[in-house]
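K.L.:
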Amino acid sequence: MAINNAAKKPKTNTMAPVHLFSHGSAMMLGEDSASARYWKQCGDEALLNGVEHIVMMGAHWATTSPGGVLISANPRPNKAPVGLVHPDKYKPYILKPDLGFVPVIQEHLSAAGIASAPDPKFDWIHDTYLILIRMFSRGCPPTTIISMNASFDPHFHVAVGAALRPLRAFAAHKTLFIGSGGAVHNLFRNVWGPMLRHRDNFAQPTPPEAWALDFRQEVIDTFCSGEAGPMLRRKASSLMKHPRFRDAHGTDDHFIPVLFVAGLCGSQDDVNLKRVMGAEDWELTNMCNSQFTLGSWDDDE
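The sequence shown begins at 0 in numbering that gives the first Met the number 0 and counts up one residue at a time.
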């Protein structure tokens, strides 16, 4: 796949945008949605601008190594299977690990005092390849996945994003960062009946509950209102202490990519960063899949 076809020349001091995507249930891979169409739009824009590297943090891979992360380095990764989605939707898609970019990522993490190690056996999980298939349906760009740390410390994961922020300098690195987690993602409080009985993940027999609506609004306010920069890092971290957080996230894992993105977009130079919620879908009554983009291909910083 030639991912630079028809690419336009970005401005020399452009900082690449960063995407924060809620991947939702595995059925988001098989069903049309506003989110899927937005992912495709973002992928088309990335190719048009000449992206050469994708770097992702998902919600389904964490290491217990103290104070560090792992980096995907399997030259021939398999895909973890997903339920309720026909294999034709994902099995033929060829993954393209970006092994040559791993030392670049490690260099930046090391400079910030963050330990990392390549994992040559890691197989990719639907939280990342689901997004890639929707964004880049004609072929996977060179991609690297960074694990979470199982401490789920918000400040540590902000620091990981902050350490890699220099790689957003697009003319030098041609890199696009994506966090794949969930705005409201509590599997224990979803309504599973319509999916299990009718394979209808978008059924809403009742409205979302108040706790889901409340926390969804907190996430939108954090990423779309007020100033960005260091305040974004503070606000995103504080959401894990919000009274509704444990209602909205039964476990911490799907919120950690939020902190990674806040680190990537939380420099003083990011204060006036353009931020939009590009799409949103509700699944399983109480799962809110909000899609955010921070920055723009046309922004100069």
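We put the CB at the ideal spot given by N, CA and C, even for glycine.
Determine the direct distance from the alpha carbon of S71 to that of I53, and round the result to whole angstroms.
P.N.:
12 Å
K.L.:
In chain order, what residues of the same chain lie with their CB nearer than 7 Å to the CB of T205, ignoring the 5 residues before and after it?
P.N.:
T284
K.L.:
Helix, strand or coil: how does DSSP classify V157 here?
P.N.:
helix
K.L.:
Judging by CA-CA distance, which residue of E282, S64, S266, C287 is the nearest neighbour of G294?
P.N.:
Of all alpha-carbon atoms in E282, S64, S266, C287, the one lying nearest the alpha-carbon of G294 is that of S266.
K.L.:
Nearest to E348 by CA position, among F100, S136, A182, is which residue?
P.N.:
A query on residue 348 cannot be resolved here, the shown segment of the chain reaching from 0 to 300 and no further.
K.L.:
Please go through the same chain and pick out, in chain order, the residues whose beta-carbon is closer than 6 Å to the beta-carbon of A1, but skip the five residues on each side of it.
P.N.:
Low local confidence applies: a pLDDT of 44 at A1 is under 50, so the model's placement there is unreliable, with the coordinate-based value given in what follows. Cβ within range, chain order: n/a, list empty.
K.L.:
What's the call for Q216, buried or exposed, on a 16-neighbour Cβ count within 10 Å?
P.N.:
exposed
K.L.:
May I have a chain-ordered list of the alpha helix (DSSP H) segments no shorter than 4 residues that lie completely inside the region 45 to 124?
P.N.:
Listed in chain order, the complete alpha helix (DSSP H) runs (minimum 4 residues) inside the region 45 to 124 are 101 to 110.
K.L.:
CB-CB under 7 Å to F135, same chain, minus the five flanking residues each way: which ones, in chain order?
P.N.:
Cβ neighbours of F135 beyond the five flanking positions: G42.
K.L.:
With distances taken between CB atoms, is the gap from R167 to L263 smaller than 8 Å?
P.N.:
yes
K.L.:
Going by alpha carbons, who is nearest to V183 out of T143, W281, P140?
P.N.:
W281
K.L.:
Shortest alpha-carbon distance to K88 belongs to which of I130, S179, N185?
P.N.:
I130
K.L.:
How big is the Cα-Cα spacing for P76 and V257?
P.N.:
25 Å
K.L.:
Please report the distance separating the alpha-carbon of E300 from that of A158.
P.N.:
For E300, the pLDDT reaches just 46, beneath the cut-off of 50, and the residue's location in the model is therefore unreliable, leaving the point undetermined.
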